[in-house]
Every structure is written in structure tokens, then in C-alpha cells.
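Asks:
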Amino acid sequence: KASKTSSINVPAFKGFSLCSPSLEYDHQERLQRGKEARKHIETVGEKSPNLFWYAVEPTWSCSTEIRVGGLGDGGKYLCGYDFSRQKAFDQDCVIYSFGSAGYDDFENFLSSHTSCKIHIFDPTPRIRKEMTIRARRYGAQFHSVGLGGFDRNFNKVGIWQSDLKESSLKIFTLPEIMENLNHTRVDILKVDIEGSEYDAFEVILENCTLDIEIILIELHV
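Mapped onto our numbering, the consecutive letters of the sequence shown carry residue numbers 1378 to 1598.
#1: Measuring straight from C-alpha to C-alpha, what distance separates Asn1485 and Ala1512?
#2: Quick check for students: name the residue ranges of the alpha helix (DSSP H) that lie wholly in the stretch 1545-1582, counting only runs of 4 or more.
#3: Grouping DSSP H, G and I as helix and E and B as strand, with all else coil, what is Glu1527?
#4: Is the beta carbon of Gly1526 closer than 8 Å to that of Thr1501?
#5: So does the stretch 1472-1479 actually touch the stretch 1560-1580, counting three or more Cβ pairs closer than 8 Å?
#6: Short check: CB of Gly1446 to CB of Asp1469, under 8 Å?
#7: Which residue or residues does DSSP assign as beta-bridge partners of Tyr1473?
#8: Need the endpoints of the alpha helix (DSSP H) that Asp1482 sits in, please.
#9: Within 10 Å of its beta-carbon, does Asp1607 have 16 or more other beta-carbons around it, so buried, or fewer, so exposed?
#10: Would you call the CB atoms of Ile1510 and Leu1487 closer than 8 Å?
#11: By how many angstroms is the C-alpha of Phe1460 removed from the C-alpha of Pro1372?
#12: In this structure, what does DSSP give as the bridge partners for Val1375?
#13: Do the CB positions of Ile1591 and Ile1565 come within less than 8 Å of each other?
#14: With distance defined between alpha-carbon atoms, name the residue in Arg1562, Ile1504, Ile1594 and Lys1412 nearest to Asp1569.
#15: Taking the C-alpha atoms as reference points, what is the distance between Arg1562 and Cys1439?
#16: Under a three-way DSSP split, which group does His1520 fall into?
#17: Just how far apart, CA to CA, sit Glu1442 and Met1508?
#18: Out of Lys1494, Cys1585 and Leu1587, which one is the CA nearest neighbour of Gln1518?
#19: In the DSSP assignment, the beta strand (DSSP E) including Glu1595 goes from what residue to what residue?
#20: Going by beta carbon distance, what residues of the same chain come within less than 7 Å of Lys1453, once the five residues before and after it are set aside?
#21: For Leu1596, count neighbouring C-beta atoms within 10 Å of its own C-beta (all shown protein chains included) and say buried if the count is 16 or more, exposed if not.
#22: For Asp1588, count the other beta carbons within 10 Å of its own beta carbon; 16 or more makes it buried, fewer makes it exposed. Which is it?
#23: Once the 5 residues before and after Val1522 are set aside, which same chain residues still bring their CB inside 6 Å of it?
In C-alpha cells form, the structure reads like this:
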């Protein structure tokens, strides 16, 4: 039992601060709109995953929150990132984006607002040619490989292309990919890989030795 004179000092987390009342109200309002949109989707029986994601908002918000990319599954929310610093000073910044499924709003936005080297990864064969061309247009690099665990499996339920054969996909762990690209640090790691994130992060978190500044992850239950 603590005495009256005892105190606890809680260190501030870098890049995060308490939301102002106006920001908190805006966040709650967005959550309500998302709830109404999901109810509408359930009522009309909407099956399109892209339209469904218009109804999804992050479960946690921050005072520096910014939407990177458009609405739907292509865009993501980012917290605590100084775009002016990256554009002006940091030429060695590296961004990894796993699981584009052909929607590259996030990567396209970052290419025009930072000086980072952007690498996009997706093993789906049918988007390989198109994404290679599109990524090259705004200075990114597309890799037709997927992110996974040591067993090289992927979540077949979440894959967009239903006729895929497991043997036709190249799946690597994050340490293997970083070593292959000669990267020792990743500034932003975006992961949206349709349920395969559990195996992938079992490897990523195994020794906690990877140098990653920001992780954006979409969890699939």
C-alpha cells in the first residue's frame, strides 16, 4: 500500500501526447460514423471488402494523427511523424509496405511528402506487372514477395486471388528481406497481409533486435 508521500513518475512516450477535447470529439464523431456505416453495410448485405473498409476507424487516436492516402483499404492512419523533417533532411529513410493488393494510396502519398526509399511487397501474381510499373512512376520499388514466418505459409482465406498455389509464391521473413536489401533500419513498417501477420510477427518480435521506428499493422481476427 502506497503512502501519501510516495509518487510515480510516468515517462512521456516519444511522439505521443494527450488529445485535446476538440480532437477527442472529432475522433468520437468518426467512430460513430463508422458504426452507422457498418450497420448500413450489414443491412444491405454489402460484400465488397473495399466498401466495407470505408466504415472502419482506428480504435485509438493521437494528437498528431494524419490520414495517409485516401478512404478505403489503401489509406492508413499515421501518428507522430514529422514530414517536413523527412523531406528536408533524411535521405536514408526507408519505408516497407507489405500487402498492397493493388491499392497504393499510402505509398504514393509518402513518395511525394518524404525523401524516403519506398519498398512495396505483395506476392499476388496478377498484380505483379501493374504494380511494378505504377511504383516505378513515383520512385518506389515493387517486390513480388510476401511477408511470413519460418514455415513460409500464408493465409489462403485472405488472399485476393483464389486460384493461387502456395508453391507459386515467394514468402520471406522480415530479417531475410532486410538482409537481402542491405537495410539495417526501417523507419515505417506497414503490414496488411490478410491474417498472415501472426506468423510474420512471431519472427519479428522473437529477439526484438530489428531497428523499426513506426509499425502500422492491420490485424485480422
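Ideal Cβ positions, reconstructed from N, Cα and C, are used throughout, including at glycine.
Replies: Let me spell this out:
#1: Translated into positions along the sequence shown, residue 1485 becomes position 108. Translated into positions along the sequence shown, residue 1512 becomes position 135. Between Asn1485 and Ala1512, the C-alpha separation is close to 8 Å.
#2: List check, alpha helix (DSSP H) in window: 1551-1557 and 1574-1581.
#3: For this step, residue 1527 is matched to residue 150 along the sequence shown. Before going on, a small fix: residue 1527 reads as Phe here, not Glu. It is coil, neither helix nor strand.
#4: Position 124 of the sequence shown, counting from 1, holds the residue named residue 1501. Position 149 of the sequence shown, counting from 1, holds the residue named residue 1526. The answer is no: Cβ separation not under 8 Å.
#5: Yes, the stretch 1472-1479 touches the stretch 1560-1580.
#6: For the purposes of this step, residue 1446 is taken as the residue at position 69 of the sequence shown. For the purposes of this step, residue 1469 is taken as the residue at position 92 of the sequence shown. Contact flag unset, no.
#7: One-based indexing of the sequence shown puts residue 1473 at position 96. Answer by DSSP bridge pairing, in chain order: His1496 and Leu1566.
#8: Position 105 of the sequence shown, counted from the first residue, corresponds to residue 1482. Segment Asp1482 to His1490, the alpha helix (DSSP H) holding Asp1482.
#9: There is no way to answer for residue 1607, as the model of the chain reaches only from 1378 to 1598.
#10: On the sequence shown, residue 1510 is found 133 positions in, with the first residue counted as 1. On the sequence shown, residue 1487 is found 110 positions in, with the first residue counted as 1. No, these two residues do not count as a Cβ contact at 8 Å.
#11: Lying outside 1378 to 1598, the shown extent of the chain, residue 1372 is not represented and no answer is given.
#12: Beyond the ends of the chain as shown, which are 1378 and 1598, falls residue 1375; an answer cannot be given.
#13: Numbered from its first residue, the sequence shown carries residue 1591 at position 214. Numbered from its first residue, the sequence shown carries residue 1565 at position 188. Yes.
#14: The sequence position of residue 1569 within the sequence shown is 192, counting from 1. Taking only the C-alpha atoms, the option nearest Asp1569 is Ile1594.
#15: Taking the sequence shown and counting its residues from 1, one reaches residue 1562 at position 185. Taking the sequence shown and counting its residues from 1, one reaches residue 1439 at position 62. C-alpha separation (whole angstroms): 24 Å.
#16: One-based indexing of the sequence shown puts residue 1520 at position 143. His1520 falls in the strand class under three-state DSSP.
#17: The count along the sequence shown starts at 1 and reaches residue 1442 at position 65. The count along the sequence shown starts at 1 and reaches residue 1508 at position 131. When rounded, the distance between both Cα atoms is 28 Å.
#18: Sequence index remark: in the sequence shown, residue 1518 carries index 141 (1-based). Of Lys1494, Cys1585 and Leu1587, the residue nearest in Cα terms is Lys1494.
#19: Here the question's residue 1595 lines up with position 218 in the sequence shown. Note, Glu1595: premise wrong, no beta strand (DSSP E); not H, not E.
#20: The count along the sequence shown starts at 1 and reaches residue 1453 at position 76. Val1445, Gly1446, Phe1483, Lys1567 and Leu1593.
#21: Residue mapping note: residue 1596 aligns to position 219 of the sequence shown, counting from 1. With a threshold of 16 other beta carbon atoms within 10 Å, Leu1596 falls short and is exposed.
#22: Working through the sequence shown from its first residue, we reach residue 1588 at position 211. Asp1588 should be labelled exposed.
#23: Mapped onto the sequence shown, residue 1522 falls at position 145. Cβ within range, chain order: Phe1498, Pro1500, Lys1547 and Phe1549.
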